[in-house]
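Residue numbers (the working numbering), protein chains in the order written: chain A, 304 to 575; chain B, 1174 to 1441.
The beta carbon of each residue, even a glycine, is placed where N, CA and C say it ideally should be.
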Amino acid sequence: MTGAAADLARAAKAFPTLLTIGFAEVVAYRAEFLVWILTTNMPLVMLALWHAVAEDGAVGRFDQPKFTAYYLAILVVRLVTSNWMAWQMSMEVRDGTLSAKLLRPIHPLYAFAADHLSALPMRLLYVSPIVVVLLVTSWGQIAGHDARVALVLGPALIGAWLLMFFSMVLLGTVAFYVDSAMGAFELWLAVHAIVSGYLIPLELLPPWARTVTDVLPFRYMLAFPAETLVGLVAPAAALRQLVIQWVYVVATAAAAIAAWRAGVRRFAAFGG
Amino acid sequence: MPITQLIPRYARLLRVQVGMSAVAAMQYRVDFLVRGLIAFLWSAVTLVPILVVFSVRDALAGWSFAEALIVVAWFSLLRSVLEGAVSPSLTAVVEHVRKGTLDFVLLKPADAQFLVSTAKFEPWRVVDAVGALVVFVYAFAKLGRWPALPHVLLALVFLALAVVILYSIWILVVSAAFWVVKVDNLSYLFGSLFDVGRWPISVFKGALRAAFTFVFPVALMTTYPALALLGRMDARTAVLALVGGVVFAAVARRVWKRALGMYTSASS
Chain A
304 MTGAAADLAR AAKAFPTLLT IGFAEVVAYR AEFLVWILTT NMPLVMLALW HAVAEDGAVG
364 RFDQPKFTAY YLAILVVRLV TSNWMAWQMS MEVRDGTLSA KLLRPIHPLY AFAADHLSAL
424 PMRLLYVSPI VVVLLVTSWG QIAGHDARVA LVLGPALIGA WLLMFFSMVL LGTVAFYVDS
484 AMGAFELWLA VHAIVSGYLI PLELLPPWAR TVTDVLPFRY MLAFPAETLV GLVAPAAALR
544 QLVIQWVYVV ATAAAAIAAW RAGVRRFAAF GG
Chain B
1174 MPITQLIPRY ARLLRVQVGM SAVAAMQYRV DFLVRGLIAF LWSAVTLVPI LVVFSVRDAL
1234 AGWSFAEALI VVAWFSLLRS VLEGAVSPSL TAVVEHVRKG TLDFVLLKPA DAQFLVSTAK
1294 FEPWRVVDAV GALVVFVYAF AKLGRWPALP HVLLALVFLA LAVVILYSIW ILVVSAAFWV
1354 VKVDNLSYLF GSLFDVGRWP ISVFKGALRA AFTFVFPVAL MTTYPALALL GRMDARTAVL
1414 ALVGGVVFAA VARRVWKRAL GMYTSASS
């Protein structure tokens, strides 16, 4: 146990430096980073589409302003929580650059986490115009709800970030076994787009599909925080879903770390 | 070389290049199957939003469910062309430029643009095209009528035009590699914008519609061929679209030539 504690202490000490380096990298590649952000334009397209649909009346609980609020919230949550771990791990396992990370006296997962956290300020900067639009157009729907829901929002966002991070690590570990995790990653993306609320508000799916999406982890990565933000979730339900989300966070983290350990043992650095 | 010799020569070259890709792909049979499955799943995902929209409304911006499905089918068909025949080769060019290995291509006694554009095919994308055909058949069965021959012919012309435009935009993106080197994320941006093509263009309003018709003409690639197939395309729009497409391709070819002039191999 002392080993793990020392490990953690060392990581904590190195973390500020890692964050600084990561931030400098993001600043250096800011234009490229912006292009990446722009690729997340699907919610805006879907928003335009549902606006056309809702022109002659609301769809369920969704009228035009609600759709605007929903998709902007989805966009914000997605941009803040997304990461490219699976892609990065797949690359690093294949071309062997992971071996350099394994040699360092700090666990690669901490380094990866620092990498992604340090991109967050830049992400927030790029996301801020969307947040402003969201606040201006949908203030009533954001501010108008229960204070308890507002309390849920913070932990829900952190939970979503962690859930995304560990899911991606778990997917990335596929690369240890089949050399490229890209196939698994694409498959995951296809499922995620539908059942996370990214493309369509989950409420608009047929009832049987909703029971499925309530059980699957995807909803808790995206739709849950976004819906909480725009006041689509009642306080009691928000608390219950927060608990489910964190259960998923812990389970996914445990699975990802176990898979990582098993994977690294198999890891043969090609040409590294 | 006279054109009568040029065409058979390039046809033969094309056959060799396609054959090479097919052989390479068949070496990895499991990967081939998995990728086919993924392509199929993506086709299914493409359909979900449209099913949901039409479960709450009978018509969307003047398009019935069956008519909108035809747009989706064109979209799937073009995506299979894009991801099966256009983007793998051109992604390889970006790699060539970065590493300086484009020299080997330029030294060969054939047109460089032709060689790089046919370097790699991904045969499992055929799954998407088959899916598209199924959707076509289903949509017309639902409409209760079959397209007339002239409409089919016009639609095929538009298909050719769509492929040309698709390819031209890609060439423009790749040409950017000669100036800024790192453009792999531009290709993702391209892919995400192309996704808009699954919806009839009339869904969008104002600036968005103009942008997707004239600047990044996905409307020309999916909505217009669908209109042609449905027999709702008027002659004037058809001619204008065709002229626009040809001009677009000519510009892309010129830009590629300019870009090639900029190329400095990695060692020099």
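Within 8 Å, strictly: CB atoms of residue i and residue j
{"i": "A:V533", "j": "A:S441", "result": "yes"}
{"i": "B:V1218", "j": "A:A496", "result": "yes"}
{"i": "B:A1312", "j": "B:I1243", "result": "yes"}
{"i": "B:S1360", "j": "B:S1290", "result": "no"}
{"i": "A:T514", "j": "A:R522", "result": "no"}
{"i": "B:L1255", "j": "B:L1366", "result": "no"}
{"i": "A:M467", "j": "A:N386", "result": "yes"}
{"i": "B:A1246", "j": "B:A1305", "result": "yes"}
{"i": "A:L508", "j": "A:V362", "result": "no"}
Selection from the options that minimises the alpha carbon distance to residue i
{"i": "B:R1371", "options": "A:V348, A:I503, A:F479, A:L465", "result": "A:V348"}
{"i": "B:R1318", "options": "B:L1402, B:K1293, B:S1360", "result": "B:L1402"}
{"i": "B:G1192", "options": "B:A1392, B:L1339, B:F1294, B:G1418", "result": "B:F1294"}
{"i": "B:L1210", "options": "B:L1179, B:P1296, B:K1272, B:L1187", "result": "B:P1296"}
{"i": "B:A1184", "options": "B:I1338, B:S1194, B:F1287", "result": "B:F1287"}
{"i": "B:A1265", "options": "B:L1179, B:A1350, B:A1399", "result": "B:A1350"}
{"i": "A:T343", "options": "B:A1411, B:G1379, B:G1364", "result": "B:G1364"}
{"i": "A:A372", "options": "A:A526, A:F570, A:V546", "result": "A:A526"}
{"i": "A:V546", "options": "A:P528, A:A558, A:L508, A:K369", "result": "A:P528"}
{"i": "A:F370", "options": "A:V383, A:W353, A:S385", "result": "A:W353"}
{"i": "A:V567", "options": "A:E489, A:V396, A:A317", "result": "A:V396"}
{"i": "A:R543", "options": "A:F469, A:P458, A:V472, A:M392", "result": "A:P458"}
{"i": "A:V472", "options": "A:V435, A:G500, A:A559", "result": "A:A559"}
Any non-hydrogen atom of the ligand NAD within 7 Å of residue i CB
{"i": "A:W511", "result": "Looking at this structure, you won't find the ligand NAD or any other ligand, since it has none at all."}
Nearest-angstrom Cα separation, counted from residue j out to residue i
{"i": "A:A565", "j": "A:Y551", "result": "21 Å"}
{"i": "A:P520", "j": "B:D1407", "result": "49 Å"}
{"i": "A:L492", "j": "A:S421", "result": "24 Å"}
{"i": "A:V553", "j": "B:T1274", "result": "47 Å"}
{"i": "A:S402", "j": "A:M345", "result": "36 Å"}
{"i": "A:L456", "j": "A:L505", "result": "19 Å"}
{"i": "A:M304", "j": "B:S1228", "result": "At A:M304 the pLDDT is 46, less than 50, meaning the model places this residue with poor confidence; the figure from the coordinates comes in the next sentence. Straight-line Cα distance between these residues: approximately 56 Å."}
{"i": "B:Y1397", "j": "B:A1328", "result": "8 Å"}
{"i": "B:V1337", "j": "B:A1422", "result": "7 Å"}
{"i": "B:V1424", "j": "B:G1434", "result": "16 Å"}
{"i": "A:A309", "j": "A:P408", "result": "11 Å"}
{"i": "B:I1176", "j": "B:V1419", "result": "20 Å"}
{"i": "A:V430", "j": "A:L490", "result": "27 Å"}
{"i": "A:G399", "j": "A:F570", "result": "9 Å"}
{"i": "A:I324", "j": "A:A562", "result": "28 Å"}
{"i": "B:F1205", "j": "B:H1269", "result": "25 Å"}
{"i": "B:A1212", "j": "B:V1300", "result": "6 Å"}
{"i": "B:R1426", "j": "B:S1348", "result": "10 Å"}
{"i": "A:W464", "j": "A:W549", "result": "11 Å"}
{"i": "A:V498", "j": "B:P1222", "result": "11 Å"}
**Asked** Between the region 471-500 of chain A and chain B, which residues of the former have a C-beta closer than 7 Å to a C-beta of the latter?
**Response** G486, E489, L490, A493, A496, I497
**Request:** Name, going along the chain, the residues of the region 1369-1383 of chain B whose beta-carbon falls closer than 8 Å to a beta-carbon of chain A.
**Result:** Of all residues in the region 1369-1383 of chain B, V1369, W1372, V1376, F1377, K1378, L1381 have a Cβ within less than 8 Å of some Cβ in chain A.
**Message:** Which complete alpha helix (DSSP H) runs does the region 478-548 of chain A hold, if anything under 4 residues is left out?
**Reply:** Taking only runs of at least 4 residues, the alpha helix (DSSP H) segments lying wholly in the region 478-548 of chain A are 485-498, 510-518, 526-532.
**Item:** Against chain A: residues of the region 1192-1216 of chain B by CB proximity under 7 Å
**Value:** V1207, R1208, I1211, L1214, W1215
**Prompt:** Where are the beta strand (DSSP E) runs, 3 residues long or more, that stay fully inside the region 324-372 of chain A, in chain order?
**Reply:** Unbroken beta strand (DSSP E) stretches of 3 residues or longer found wholly inside the region 324-372 of chain A: none.
**Request:** Using a Cβ-Cβ cut-off of less than 8 Å, give me the residues of the region 1219-1242 of chain B that come near chain A, in sequence order.
**Result:** V1221, P1222, V1225, V1226, S1228, V1229, R1230, L1233, A1234
**Request:** Could you list the residues in the region 306-339 of chain A with a C-beta less than 7 Å from some C-beta on chain B, going in chain order?
**Result:** E335, V338, W339
**Prompt:** If you measure beta-carbon to beta-carbon, which residues of the region 499-515 of chain A are closer than 8 Å to chain B?
**Reply:** L502, I503, L507, L508, P509
**Item:** Complete alpha helix (DSSP H) runs within the region 1236-1315 of chain B (minimum length 4 residues, chain order)
**Value:** 1238-1254, 1260-1272, 1275-1279, 1285-1290
**Message:** Please list, in chain order, the residues of the region 350-376 of chain A that have any C-beta partner in chain B closer than 7 Å.
**Reply:** Cβ contacts with chain B: A351, L352, A355, V356, V362.
**Item:** Contacting positions in the region 378-390 of chain A - beta carbon closer than 7 Å to chain B
**Value:** none
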